[in-house]
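For reference, the structure is listed below as structure tokens.
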């Protein structure tokens with residue numbers, strides 16, 4: 035009789051969805067434990083989230099979108115989530131990732147090939163590259179990954195085309211700028227003319243500032259565009275010398291996502307240049 039009641043209790047618990055087995059604290063799906071994927075930054079994490087089936091994978095990020103990769107100090111919580119990850123995906127050369135001490139089989143390094151993946155053409159190349167790499171790592175989900183890639187590619191192409199129309203309507207195409215090298219590729223995709231580009235603030239010499247100021251004056255630059263992550267005030271002195279607006283854009287997607295962040299950068303430029 036006692037045994038019968040125990041069996042009835044187990045059936046009732048199962049019906050109510052209560053777990054009666056051991057748990058490691060990780061969410062589960064019908065196919066088993068959800069795999070944890072940790073990306074170095076929000077460009078990669080956003081791409082990965084658009085490719086992997088959400089029922090089978092959780093996606094996390096180390097670098098906050100507003101932080102500089104070269105100056106970010108990893109926290110104990112970063113190290114812990116990387117330690118527990120089934121797969122770590124990082125751009126090559128991210129210095130803060132070395133501090134985590136993780137590598138080996140579960141580390142997937144991605145070569146950006148000196149491209150800025152915030153520019154849509156580079157972003158699409160990245161989606162194709164990651165879809166192949168993830169398919170190799172998770173062959174059972176290959177068909178779903180490749181299907182998700184087609185959807186993601188279509189959404190980025192349509193979104194980018196809509197953003198270019200927004201730039202055209204705002205009358206921004208062809209305007210000359212001085213800009214951070216981190217923003218050069220996205221700005222050129224938008225249709226701006228980048229007259230001169232500069233690197234990180236610590237690498238800028240007085241001679242470089244004078245040279246860029248001269249170029250901006252001779253070719254009538256309308257703004258100086260800085261990169262939030264590498265130094266939001268790097269070009270401020272050039273803008274002040276030229277008497278033109280100083281604009282700061284982001285080089286990593288915010289929590290709103292890639293296309294929303296790219297659109298936000300365009301809106302920031304339009305608000306300043308159309309005053």
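In my numbering, the protein residues as written are 35 to 309.
Glycine residues also receive a C-beta, built at the ideal position from the N, C-alpha and C atoms.
The residues 78, 81, 82, 85, 123, 144, in chain order, have a CB closer than 8 Å to that of residue 164 in the same chain once the five nearest residues on each side in sequence are set aside.
In this structure, residue 303 keeps its C-beta atom at 8 Å or more from the C-beta atom of residue 282. In this structure, the CA atom of residue 67 is about 29 Å from the CA atom of residue 99. Of the candidates 241, 149, 190, 149 places its Cα closest to the Cα of residue 215. Rounded to whole angstroms, the Cβ separation of residue 117 and residue 91 is 18 Å, and the two are not in contact under 8 Å. Leaving aside the five residues that flank residue 293 on each side, the residues in its chain whose CB is nearer than 8 Å to its CB run, in chain order, 189, 190, 193, 194, 197.
With fewer than 16 other Cβ atoms inside 10 Å of its own Cβ, residue 225 counts as exposed.
Of the residues assessed, residue 239 falls on the exposed side of the cut-off, its CB having fewer than 16 other CB atoms within 10 angstroms. Residues 257, 279, 281 of the same chain have their beta carbon placed closer than 8 Å to that of residue 306, with the five preceding and five following residues left out of the count. Residue 91 is bridged by DSSP to 69. If you check the CB distance, residue 231 and residue 218 come in under 8 Å. In the DSSP assignment, residue 129 falls within the unbroken alpha helix (DSSP H) covering 129-132. Secondary structure within the stretch 234-263: the alpha helix (DSSP H) runs of 4 or more consecutive residues, fully enclosed, are 240-252 (chain order). Counting only residues of its own chain and dropping the five nearest sequence neighbours on each side, residue 221 has a CB closer than 7 Å to the CB of 211, 213, 228, 259. In the DSSP assignment, residue 232 falls within the beta strand (DSSP E) that extends over 227-232. Of the other Cβ atoms in all chains shown, 16 or more fall within 10 Å of the Cβ of residue 74; this residue is therefore buried. Residue 158: member of the alpha helix (DSSP H) spanning 154-171, first to last residue. Taking a C-beta distance under 8 Å as the contact criterion, residue 268 and residue 247 do not qualify as a contact pair. By the 16-neighbour rule on beta-carbons within 10 angstroms, residue 72 is buried.
Bridge pairing for residue 212: 230, 258 [DSSP]. Taking a C-beta distance under 8 Å as the contact criterion, residue 171 and residue 121 qualify as a contact pair. Non-local beta-carbon contacts of residue 254 in its own chain, meaning distances under 8 Å to residues more than five positions away in sequence, involve 210 in chain order.
Within the stretch 273-303, the complete beta strand (DSSP E) segments of 3 residues or longer fall at 280-283, listed in chain order.
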